[in-house]
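Residue numbers (my numbering): 80 to 943. Glycine included, C-beta positions come from ideal geometry on N, C-alpha and C. A short write-up of the structure that comes next.
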């Protein structure tokens, strides 16, 4: 099939497309954005819209279009699907007889560079991740262009902790050199999570030119002032990220003014497994925020506060002094409920200062963005007044960052109309009173329109044509319409402009003059308003650093008041933070279950000191609350290190470096990983990375395989953690009752159980954790609660009775032996024991007994 010759317009399209080969090009045609060829097929499939064509047969060109006025929603769906978008606009007004309009790409949108609030989740960051992988290590940069965060780090060992720190930021787009294989482990993992992978020319990762680029942008002689001295791979990654942002968003990025070092030792490291199983930001069941810890704690009133709270939960502190500073601020807000309420009222009036400021700095903010900024500034003075009356360090620092921005607010008040359109080229942006030249132009346009408005009545009186009309047409302009029946009454000075189906349209020299005044003035008004708006926006951009400092102060205040509000309403207490290795919780409660339930939550105590009480073996039936108790302890520890108050009567928390979890059954069929394999991989990660300062949660390790295999693995895991990680705090829930024997063998292992009560063959869950082990699982009772048919329950009971005496296959007489629980180390027959059982002690002399004891001792030594 021969390729058809392209039209001039399609050649124009192809030329633009060549500049953005891995983007969908939205090509403006009138009231639509059109997609062609492979873009049309991908766009139609992603957006579920019709795929058509410009021609038929061999010359068919696939095409799909979206309405210009509704493009925002469609573009958002493309970005959510990980597709990059280039928007091409008509740069000229359509004119009669003009065949081809000039078009240019005016915006480039990628998942990691979006700043439009319509495309973003207000509660989470939108990170772009840049990677440089060397033989010896890995470098990374994380940038959120909307909040001006720029993190840079590297790791010589490519450690899992460093990778976890990157993954927890949940980047939406990843830059990687094209030389890095797409199936590289980290890229593959990100791709499987739906992250957009963008291949970059390795030349953009050059170290020397990268250092120069970063130093020039941040206006410094050396990067050491940012804590990046001596860094190489991280700088290479950061340089490529900055270059990409300049390519897609324009060279001016004045709001990116600071670099922060990305480290793994300045905060608790949480891996994906812990975040998922503890349901910190979303639930395991449906990946909804509702029912997560974040949902319970989030009483924030601004987008900045919501994002900061999420960051705090994913990066708990390791420094007890930093924790204490947050606690001091929260305590002060709890003790001042009226001021906290006032603080909440002021925060509720503040929009997304961070992202609004970033859009202003990049030159993308429209008039409604500036209106939102203006209304946010209005609340800051009172907010500062409220906070200034507090004494804790963080509240005082926040008050200091809220500097006077009244002149900027006045500028926006004076300049902007109250309800401007989103589009910048249609006028109605600037108040007439703000600029004299604008006022003169608008007055001239009004006077001309008023003259035209009275023309129809005047001409009817003068000509006597009562059906005469003055109308405006977008193509031909103003005209006087006269029907065919009245053409004989048309005055000589009327000039014919257009023939209509029912008459003629005329123009007069005077009407033509006023038409030029109206149209010329309106066009000049639009141009002048746009010019004034851009000047106002530039004035705002000059205050970007002050605005961002204020935005971060607002975020901090919002986060602190959110935690104070939850603590005050739910009766949380301030935990004591220490480094003595002791975790002691009195009457602790699960923060999420307590918040979501309308019934009182049954509290429990927990003591782990890493020494005599290092490992808690927790037994008890399903549904009794073993997993709830373990998660509860982990969440209280995490909340304490976030700086929050905790749901307990009293708590003493020693700082932990990591929280590891192996909880719940989950497979990964896409990777060919069974439930048991996933379980073992998570367990292996814990055994390799747990330290003396870690908190470890293990739930039903070994249950995914045969009884003997699983029991042996579970036993060995506890022994290894006990012996190899002295000081680690371990909660181990299990149905293998044999593991309770470990308390007799290992000095720092203690047995606990979740209490139940039996009544008339029913089981009542008490949800209380008590010392000592248990040897029953009550599985059949739980099965009955779940609704298994009565015959199945009856048969299960009968089989259980046979199993307990080893008679399932009829090999033993149930009456011959008492029921016994299968043990890990069941005694084997031994000749000495057999002889002992046959002895008749009444007929033996003392000498015979001593002789026999000596023989047995010899046999035992030989056998051992």
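For residue 562, which of 556, 553 and 585 has the nearest alpha-carbon?
Per the Cα distances, 585.
Near residue 659, which residues of its chain fall below 8 angstroms by C-beta distance, leaving aside the five closest residues on each side in sequence?
Excluding the 5 residues flanking it on each side, residue 659 has same chain C-beta neighbours closer than 8 angstroms at 733, in chain order.
Taking buried to mean at least 16 other C-beta atoms within 10 Å of its own C-beta, is residue 521 buried or exposed?
Looking at its Cβ environment, which holds 16 or more other Cβ atoms inside 10 Å, residue 521 is buried.
In this structure, how does DSSP classify residue 171 when only helix, strand and coil are distinguished?
Note: residue 171 maps to coil in three-state DSSP.
Minimum C-alpha distance to residue 511 - residue among 846, 607, 728 and 261:
Minimum Cα distance to residue 511 is reached at 607.
Residues in the same chain with beta-carbon distance under 8 angstroms from residue 441, minus the five sequence neighbours each way, listed in chain order, please.
Here the set comprises 194, 224, 328, 329, 331, 332 and 334.
Proximal residues to residue 578 (C-beta, below 8 angstroms), its chain only, five neighbours per side dropped:
Once the five neighbours on either side are set aside, the close Cβ partners of residue 578 are 584.
The alpha helix (DSSP H) that contains residue 386, what's its start and end?
Segment 382-393, the alpha helix (DSSP H) holding residue 386.
Between the CA atoms of residue 762 and residue 833 - distance to the nearest angstrom
Between residue 833 and residue 762, the C-alpha separation is close to 24 angstroms.
Closest by C-alpha distance to residue 181, when choosing among 670, 208, 168 and 202
For the residues 670, 208, 168 and 202, the minimum Cα distance to residue 181 belongs to 168.
Can you check DSSP and say which residues form a bridge with residue 142?
Answer by DSSP bridge pairing, in chain order: 115 and 131.
Buried or exposed: residue 206, going by 16 or more other Cβ atoms within 10 Å of its Cβ?
A residue is called buried when at least 16 other Cβ atoms come within 10 angstroms of its Cβ; residue 206 meets this threshold and is buried.
Can you say whether residue 241 is buried or exposed, counting buried as having 16 or more other CB atoms within 10 angstroms of its CB?
Using a 10 angstroms sphere on the CB of residue 241, the tally of other CB atoms reaches 16 or more, which defines it as buried.
Do residue 852 and residue 816 have their C-beta atoms closer together than 8 angstroms?
Yes. Within cutoff.
Return helix, strand or coil for residue 102, following the three-state DSSP convention.
Reduced to three states, the DSSP call for residue 102 is strand.
Suppose contacts are defined by Cβ-Cβ distances below 8 angstroms. Is residue 755 in contact with residue 777 by that definition?
Cβ distance not < 8 angstroms, so residue 755 and residue 777 don't count as in contact.
Determine the DSSP secondary structure at residue 712, reduced to helix, strand or coil.
It is helical.
Could you tell me which residues DSSP puts in a beta bridge with residue 694?
Its beta-bridge partners are 809 and 828.
Report the three-state DSSP secondary structure of residue 582 (helix, strand or coil).
Per DSSP, reduced to three states, the secondary structure at residue 582 is strand.
CB contact flag (residue 535, residue 549, <8 angstroms)
A Cβ-Cβ contact shorter than 8 angstroms links residue 535 with residue 549.
Which parts of the stretch 610-668 are runs of the beta strand (DSSP E), unbroken and 3 residues or longer, counting only runs that do not cross its ends?
For the stretch 610-668, whole beta strand (DSSP E) runs of length 3 or above, ordered along the chain, are 655-657 and 662-667.
Counting pairs of beta carbons, one from the stretch 224-234 and one from the stretch 396-416, are three or more of them closer than 8 angstroms?
Contact fails: fewer than three Cβ-Cβ distances are below 8 angstroms.
Let me know the secondary structure DSSP gives residue 573 once reduced to three states.
Reduced to three states, the DSSP call for residue 573 is coil.
Confirm, please, whether the CB-CB distance from residue 212 to residue 129 is below 8 angstroms.
Contact: no.
Residue 850 (DSSP reduced to helix, strand or coil):
In the structure shown, the three-state DSSP call for residue 850 is strand.
Which whole-angstrom value is the C-beta distance of residue 408 and residue 473, which I expect to be below 8 angstroms?
That belief holds up - the Cβ atoms of residue 408 and residue 473 are roughly 4 angstroms apart, short of 8 angstroms.
Cα-Cα separation between residue 595 and residue 497, rounded to whole angstroms:
Cα to Cα, the separation comes out at about 29 angstroms.
Pull the bridge partners of residue 776 from the DSSP assignment, please.
Residue pairing for residue 776: DSSP places it in a beta bridge opposite 740 and 810.
Nearest by alpha-carbon distance to residue 819: which of 214, 929 and 695 is it?
Proximity to residue 819 across 214, 929 and 695 peaks at 695, based on C-alpha coordinates.
Reference residue 552; option with closest CA among 560, 546 and 545
Closest option to residue 552, Cα to Cα, is 560.
Tell me the DSSP secondary structure of residue 402 in three-state form.
Three-state result, residue 402: helix.
Which residue from 865, 312 and 626 puts its Cα closest to that of residue 285?
Closest option to residue 285, Cα to Cα, is 312.
Answer yes or no: does any C-beta atom of chain C fall closer than 8 angstroms to that of residue 615?
Absent from the structure: chain C. Only one protein chain is present.
Please check the pair residue 683 and residue 699, which I expect to be a contact at CB under 8 angstroms, by giving their CB distance rounded to whole angstroms.
Not quite, the Cβ-Cβ distance comes to about 12 angstroms (not below 8 angstroms), so this is no contact.
How is the beta strand (DSSP E) around residue 548 delimited, first residue to last?
That run of the beta strand (DSSP E) goes 548-552.
Here's the rule: buried if 16 or more other CB atoms are within 10 angstroms of the residue's CB, otherwise exposed. What is residue 56?
Residue 56 falls outside the range modelled here, since the chain spans only 80 to 943, and no answer is possible.
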